[in-house]
Amino acid sequence: MDVYEGLEGEKVLNLSRLNLDNLDLDDVGEERKRDTQQLFLVYNRFIMLPGSICHFSNLVFLDISCNRLAFICEDILRLSKLKTLVAKNNRLDEFSLPKDFGTMSLEVLNFSGNRFEEFPSEFLNLQRLQSLSLGGNRLKSIPAEIEQLTSLELLYLGGNSITSIPPELANLPYLSYLVLCDNRIQSIPPQLAQMNSLRSLSLHNNLLTYLPREILSLFQLQELSLRGNPLVVRFVKDMTYDPPSLLELAGRTVKSRNLPYKPEDLPGNLVRYLDLASKCPNPKCGGVYFDSCVRHIKFVDFCGKYRLPLMHYLCSPECSSPCSSNPQSDADSEDESSVPAHRMQKVLLG
Amino acid sequence: MEQTEVMKPETLNDLIKVLHQIFSSDTVNVEEVQNLMESYESKPEEWMEYAQFDKFRYTRNLVDEGNGKFNLMILCWGEGHGSSIHDHTDSHCFMKLLQGQLKETLFEWPDHKINGGMTKKSERVLQENQCAYIHDSIGLHRVENVSHTEPAVSLHLYSPQFDQCNTFDQRTGHRNTVKMTFWSKYGERTPFTYYCGKHIVKVALCVQ
Numbered sequence: 014m015d016v017y018e019g020l021e022g023e024k025v026l027n028l029s030r031l032n033l034d035n036l037d038l039d040d041v042g043e044e045r046k047r048d049t050q051q052l053f054l055v056y057n058r059f060i061m062l063p064g065s066i067c068h069f070s071n072l073v074f075l076d077i078s079c080n081r082l083a084f085i086c087e088d089i090l091r092l093s094k095l096k097t098l099v100a101k102n103n104r105l106d107e108f109s110l111p112k113d114f115g116t117m118s119l120e121v122l123n124f125s126g127n128r129f130e131e132f133p134s135e136f137l138n139l140q141r142l143q144s145l146s147l148g149g150n151r152l153k154s155i156p157a158e159i160e161q162l163t164s165l166e167l168l169y170l171g172g173n174s175i176t177s178i179p180p181e182l183a184n185l186p187y188l189s190y191l192v193l194c195d196n197r198i199q200s201i202p203p204q205l206a207q208m209n210s211l212r213s214l215s216l217h218n219n220l221l222t223y224l225p226r227e228i229l230s231l232f233q234l235q236e237l238s239l240r241g242n243p244l245v246v247r248f249v250k251d252m253t254y255d256p257p258s259l260l261e262l263a264g265r266t267v268k269s270r271n272l273p274y275k276p277e278d279l280p281g282n283l284v285r286y287l288d289l290a291s292k293c294p295n296p297k298c299g300g301v302y303f304d305s306c307v308r309h310i311k312f313v314d315f316c317g318k319y320r321l322p323l324m325h326y327l328c329s330p331e332c333s334s335p336c337s338s339n340p341q342s343d344a345d346s347e348d349e350s351s352v353p354a355h356r357m358q359k360v361l362l363g
Numbered sequence: 004m005e006q007t008e009v010m011k012p013e014t015l016n017d018l019i020k021v022l023h024q025i026f027s028s029d030t031v032n033v034e035e036v037q038n039l040m041e042s043y044e045s046k047p048e049e050w051m052e053y054a055q056f057d058k059f060r061y062t063r064n065l066v067d068e069g070n071g072k073f074n075l076m077i078l079c080w081g082e083g084h085g086s087s088i089h090d091h092t093d094s095h096c097f098m099k100l101l102q103g104q105l106k107e108t109l110f111e112w113p114d115h116k117i118n119g120g121m122t123k124k125s126e127r128v129l130q131e132n133q134c135a136y137i138h139d140s141i142g143l144h145r146v147e148n149v150s151h152t153e154p155a156v157s158l159h160l161y162s163p164q165f166d167q168c169n170t171f172d173q174r175t176g177h178r179n180t181v182k183m184t185f186w187s188k189y190g191e192r193t194p195f196t197y198y199c200g201k202h203i204v205k206v207a208l209c210v211q
C-alpha cells in the first residue's frame with residue numbers, strides 16, 4: 014500500500030485518465046517542471062516510459078500504473094531524486110529495466126500486476142530500498158541475493174508461483190512485513206526463525222504441511238496467516254531413518270566429545286563438514302547429527318488456541334522431542350510446549 | 004403507506020442523515036437499509052479522511068455512532084489483508100464496497116458432531132458500491148481483499164452496536180471471543196488499546 018503525503022498545489026501534477034500515449038510537456042511551464050514532486054500518469058496508454066519525464070528534475074514520486082508499459086528507458090536514471098516508483102498493472106518483465114536501474118536511490122518500488130517471471134537482477138543493487146512489491150506476477154523463486162537489499166522493511170510477493178524460500182531471506186535485518194500468500198511454498202526454512210524484526214508473516218494459500226519448530230522463537234511476530242495450507246491435522250508417524258554413515262559417526266564423536274582439532278589437522282572438506290553439525294533438541298541426548306536424522310512432527314498449542322504441526326529433527330529414533338518423555342503423547346497437544354499467549358497476538362489460521 | 008420511499012443519498016453525509024432517520028424507530032427493515040446503502044455512489048473525497056490504512060492488517064475507522072442505535076465505520080484493506088471467520092453477536096451487519104473488491108466466503112456454524120473443517124456455504128466477490136448483508140441467523144463469514152495490486156475500502160453498518168465477537172478456526176470449528184477496537188474515530192487516529200484477556204493480548208486488534 015503506497016500511502017503518500019498528499020502535497021498541495023504546484024508540487025502535484027495529475028495527468029491520469031487522459032488517454033495519453035506520449036508526454037508532451039510544451040504546455041507545462043519550466044517552473045512547474047522544476048517544482049513538481051509527485052507525478053501521476055495512471056490509466057493512460059503509455060507503452061514506454063516517456064523520455065520527457067526527466068524534465069521533472071525534482072520528481073520524488075512517480076505513479077505510472079495501469080498503462081501498457083513494456084519497457085522503462087534509461088531516462089528514468091536522470092530522475093536522481095526519485096524515491097517512489099509505482100508501475101502496477103503494466104506489461105513489464107525482467108527484461109524491461111535499464112541496465113543501471115540499481116544505481117537509483119529508490120525507497121519504494123511497486124511493480125505488482127506485471128509479467129515478471131524472474132526476480133530482476135537490477136533490483137538487487139537498490140541499497141536504499143525499503144518497500145518492494147512484486148505481487149501478482151509470475152515469479153517462480155526468490156534469489157538468494159535478496160539479502161543484498163539490506164534496507165528492506167516490506168516485501169510483498171503474494172500471488173506468484175514461488176515454490177521455496179531461500180534461507181538468505183532471513184539475513185534482511187529490518188524486514189518487518191513479509192507476504193508470501195497465494196504461492197506454492199511447501200516448506201519454510203528454519204532460518205526464518207532468526208528474523209527478530211518480523212511483525213507480520215502472511216503464508217496463507219500455499220502448500221505447507223507443517224512448520225519448522227523454530228518458528229516459535231519469532232517472539233516479535235504479531236500476525237501470522239496460515240489458512241488454506243494442507244497442514245497436517247493428525248499425528249503423523251514419520252520415522253524414516255537412514256543409518257548414519259561412517260563419516261557421520263566419526264563426526265558425531267568428534268563433536269559430542271569435543272575432541273580438539275585445528276583446521277591444519279584435517280582436509281578442508283572435513284573441517285567444513287564438522288562445521289555443519291546440528292544439535293539434537295533432545296535435552297537428554299545433547300548429541301549432534303549431520304545428514305542422518307529423524308524428522309518428527311509435533312503439535313504445539315499456539316496461544317492456547319490453535320494446534321500447529323511443527324517439524325523438528327532428532328539425531329536418532331531413540332531420541333525423543335524436548336518436553337516429552339513419551340513419544341506417544343505427541344499425539345495430543347502439549348501444554349508444556351505451548352506458545353505463551355502474549356507472543357502471538359493473532360494467528361489467522363481459520 | 005407501509006414503506007417509505009428511499010431517497011437516493013447524494014453524499015455520505017446525506018446517507019448518514021437518512022440512516023439516523025431510519026434507525027430512530029425500533030425495527031430494522033433490512034432491505035430498506037441495504038438498498039439505501041447501495042444507492043449511495045461512492046465518492047472518495049467524501050470518505051478519504053476515514054480511510055486510514057495500516058500496512059500489516061485491515062483497519063476499522065469509526066465514522067458515526069448513530070445516536071447509539073448503530074455503528075458506521077470504514078474498513079481499509081491493504082493488498083492481501085483478510086479477516087478471520089467470525090460471527091456478528093446477533094447484530095445486523097451491512098457491508099458496502101467504496102473502492103476495490105472484497106471476497107466474502109460464507110460458512111455454516113460449526114457442528115461439533117462433525118469432525119473436520121467448517122463447511123463452506125458459498126463465496127462471492129463484491130464489486131464497488133455493492134452492499135452485502137449478514138446476520139448470525141444466516142451464518143458466519145470471512146472477508147478478504149484477495150487483490151495483490153489494489154487496496155479496498157468498505158463501509159460497514161452494525162446494529163445494534165457491539166464490541167466483541169467470536170472468531171473461528173476453519174480447520175476445527177474452535178471459537179474464541181475477541182474484543183474489537185478502532186484504528187481511528189471520526190478521522191482521528193486513536194491510540195493502541197491493550198486488552199489482557201486470559202489467552203490473548205491484542206495490539207490495535209481489528210476484527211470485523
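Protein chains in written order, with this note's numbering: chain G, 14 to 363; chain Y, 4 to 211.
Cβ coordinates follow ideal geometry from the N, Cα and C atoms, glycine included.
Keep in mind it's a predicted model, so treat the numbers as computed, not measured.
- Using a Cβ-Cβ cut-off of 9 Å, K101 of chain G is close to T152, E153 of chain Y, given in chain order.
- Listed along chain Y, no residue sits closer than 9 Å to L224 of chain G by beta-carbon distance, the nearest being about 14 Å off.
- Burial check for S174 of chain G: the Cβ neighbour count within 10 Å stays below 16, so the residue is exposed.
- In this structure L62 of chain G is not in contact with L33 of chain G, their Cβ atoms being roughly 12 Å apart against a cut-off of 8 Å.
- For M40 of chain Y, same chain residues with a beta-carbon under 6 Å away, outside a window of 5 residues either side, are F97, K99, C134 in chain order.
- Within the stretch 53-64 of chain Y, those residues whose Cβ lies closer than 8 Å to any Cβ of chain G are, in chain order, F56, K58, F59, R60.
- Against chain Y, the CB of S213 of chain G has a partner CB under 8 Å away; the residue lies at that interface.
- Within the DSSP secondary-structure output, Y190 of chain G pairs in a beta bridge with G:L167, G:S213.
- For M40 of chain Y, the enclosing alpha helix (DSSP H) has its first and last residue at 33-42.
- Taking a C-beta distance under 8 Å as the contact criterion, Q140 of chain G and T163 of chain G qualify as a contact pair.
- In the DSSP assignment, K268 of chain G falls outside any beta strand (DSSP E) and within the unbroken alpha helix (DSSP H) covering 259-269.
- Within the stretch 125-143 of chain G, those residues whose Cβ lies closer than 8 Å to any Cβ of chain Y are, in chain order, S125, G126.
- Chain order gives the chain Y residues near R240 of chain G as Q173, where near means a beta carbon separation below 7 Å.
- Identification of residues in the stretch 147-167 of chain G having a C-beta nearer than 8 Å to some C-beta of chain Y yields G148, G149, L167, given in sequence order.
- By the beta-carbon neighbour count (other beta carbons within 10 angstroms, threshold 16), T30 of chain Y is exposed.
- Under DSSP, S291 of chain G shares a beta bridge with G:Y302.
- By the rule that beta-carbons nearer than 8 Å mark a contact, E82 of chain Y touches chain G.
- L152 of chain G is not bridged by DSSP to any residue.
- Residue pairing from DSSP leaves L185 of chain G without any beta-bridge partner.
- Contact of C194 of chain G with chain Y by beta-carbon distance below 8 Å involves G83.
- If you draw a straight line from the Cα of P225 of chain G to the Cα of S200 of chain G, it is about 8 Å long.
- If you compare the alpha carbons of Y:H159, Y:S87, Y:H177 with that of L239 of chain G, the shortest gap goes to Y:S87.
- At least 8 Å separates the CB of G281 of chain G from every CB of chain Y.
- Contact note: E236 of chain G reaches chain Y through F59, R60, using a C-beta cutoff of 9 Å and chain order.
- DSSP, reduced to helix, strand and coil, places Y286 of chain G within a helical segment of the structure shown.
- Contact check for N127 of chain G against R104 of chain G passes: the beta carbons are separated by less than 8 Å.
- According to the DSSP assignment, Q24 of chain Y belongs to the alpha helix (DSSP H) that extends over 15-25.
- Taking the CA atoms as reference points, S157 of chain Y sits about 36 Å from L92 of chain G.
- The alpha carbon of L168 of chain G has as its nearest neighbour, out of G:S146, G:G300, G:V41, the alpha carbon of G:S146.
- The Cβ-Cβ distance between T180 of chain Y and G149 of chain G does not fall below 8 Å.
- Spatial neighbours of L142 of chain G in its own chain (CB-CB distance under 7 Å, excluding positions within 5 residues in sequence) are listed in chain order as L119, E120, L122, L162, S164, L165.
- Setting aside the 5 residues that flank it on each side, R212 of chain G is surrounded in the same chain by S189, Y190, Q233, L234, Q235, E236, each with a C-beta closer than 8 Å to its C-beta; the list follows chain order.
- Within the same chain, E147 come within 6 Å of G85 of chain Y by CB-CB distance, once the 5 residues on both sides are set aside.
- By the criterion of a C-beta distance shorter than 7 Å, R174 of chain Y is surrounded in its chain by G120, once the five residues flanking it on both sides are discounted.
- Assigned with DSSP and collapsed to three states, D278 of chain G falls in helix.
- Here R178 of chain Y really is in contact with F171 of chain Y; their C-beta atoms are around 5 Å apart, less than 8 Å.
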